[in-house]
Amino acid sequence: MKTLFLKIIQLRNPTFSFDETLSSRLLLSFIWIQMWSFLRGLKVLFWFRNPKGMLLGTGVSLTYSFKIKWGKFLKLGNQVQLSALSKNGIQLGDNVSIGAFSRVIVSTSLNAIGDKIVIGNNVGIGEFAYLGGAGGLEIGDECIVGQYWSCHPENHNYKDTTIAIRQQGVSRKGIKIGKNCWIGSKVTILDGVQIGNGSIIAAGSVVTKSFPDNSILGGVPAQLLKNKNHE
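Following full-length UniProt numbering, the numbering of the sequence shown begins with 1 at its first residue and continues without gaps.
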């Protein structure tokens, strides 16, 4: 059974292997959890959609689901919410995993509908993430992200002191994260930021400006610490 289940997992993650200390009891418990996740994923058949091996935790919510596209083996943890009220929807690549209690929300209002959220292939995002898409959010292939990540591709206008900030509208530039990035836990990325391919962002950073490929950055606000060539 262990060999069979390993082959099934490797359909999603070809490099996966079991820990040598894994007991049969733990493996059976894991199989039980994944089986129910798979069965919950079949609910999209009632929407005349192909689940493509989708695994859903308990309490997952997909609103405006006709604007959501997903690839093979999507995995959404418990209580994950996707809301695709938007111009261009939510697009999820193959082997995307989003941790429990995360929110992927393009828009919350009908008076200024947001753009999109696009997540590439083989992206893993930790628990309690908040990903907004008002000005557009793009995340490249092969990115790995820690818990409590947040992205906010929108800013409130505030310069007119005679009008309440909430009545001054918003500006939107969008956020783009390159391929193969490692983003630590509790990182916040603000509107207008572009992160180059292969970059690393230290835990707890607040990123307010853009950085080129292979940057290693951290701090509040985030600054370039070095690049992968140690320059």
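Every residue, glycine too, gets a C-beta built ideally from N, C-alpha and C. Nothing here was measured: the structure is a model prediction, and the numbers come from that model.
Within 8 Å, strictly: CB atoms of residue i and residue j
i	j	result
Gly136	Pro153	yes
Ile90	Ile117	yes
Tyr148	Ser185	yes
Ile195	Ile177	yes
Asp115	Gly77	no
Asn180	Asn155	no
Ser205	Leu224	no
Leu22	Ser37	no
Lys52	Trp70	yes
Gly133	Val145	no
residue 239	Ile201	Within the shown structure, residues of the chain are numbered from 1 to 231, placing residue 239 beyond reach of any answer.
Integer Cβ distance of residue i from residue j, believed to fall under 8 Å
i	j	result
Asp94	Asn122	7 Å
Ile119	Lys87	Between Lys87 and Ile119 the Cβ distance is about 17 Å, and since that is not below 8 Å, they are no contact.
Ser102	Phe128	6 Å
Through-space distance from residue j to residue i, alpha-carbon basis
i	j	result
Ile139	Ile163	35 Å
Val60	Val80	5 Å
Val193	Thr108	22 Å
Ile68	Leu92	8 Å
Leu62	Ser83	6 Å
Thr161	Thr208	24 Å
With 16 other Cβ atoms within 10 Å as the buried cut-off, status of residue i
i	result
Thr3	exposed
Ser171	exposed
Ile105	buried
Trp47	exposed
Asp191	buried
Ile183	buried
Chain B contact for residue i (CB, 8 Å cutoff)
i	result
Ile113	In summary, chain B is missing from the structure at hand, where a single protein chain is found.
> Which residue spans inside the stretch 131-157 form an unbroken beta strand (DSSP E) run of at least 3?
Replying inline: 137-139 and 150-152
>> For a minimum of 4 consecutive residues, which ranges assigned as the alpha helix (DSSP H) are wholly contained in the stretch 35-62?
In response: none
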